[in-house]
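Worksheet: the structure to be examined is printed underneath.
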């Protein structure tokens with residue numbers, strides 16, 4: 014191989030290495046952003062699920078108290 018061919022191979026390999034490094038950097042940044050976003054979405058969804066669970070629990074307790082009140086009053090109406 015002549016010196017020019019070797020030089021071109023080295024330049025091509027260097028260019029590919031640079032492109033690969035830039036791709037890896039972009040991928041790492043994108044992965045970090047996605048991780049933060051998913052954590053935020055997970056946190057929001059967990060909060061909503063917890064809030065809806067608490068609301069359902071309170072609703073069940075209120076319904077139970079209301080039904081007990083209806084059953085134990087003489088007229089069948091809540092107090």
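Numbering (my numbering), first residue to last: 14 to 92.
Backbone N, C-alpha and C define an ideal beta-carbon position, used for all residues, glycine too.
(1) Quick check: the Cα distance between residue 61 and residue 25, rounded to an integer number of angstroms?
(2) I need the DSSP call for residue 86, collapsed to helix, strand or coil.
(3) If you draw a straight line from the alpha carbon of residue 18 to that of residue 42, how long is it in whole angstroms?
Short version:
(1) 53 Å
(2) coil
(3) 36 Å
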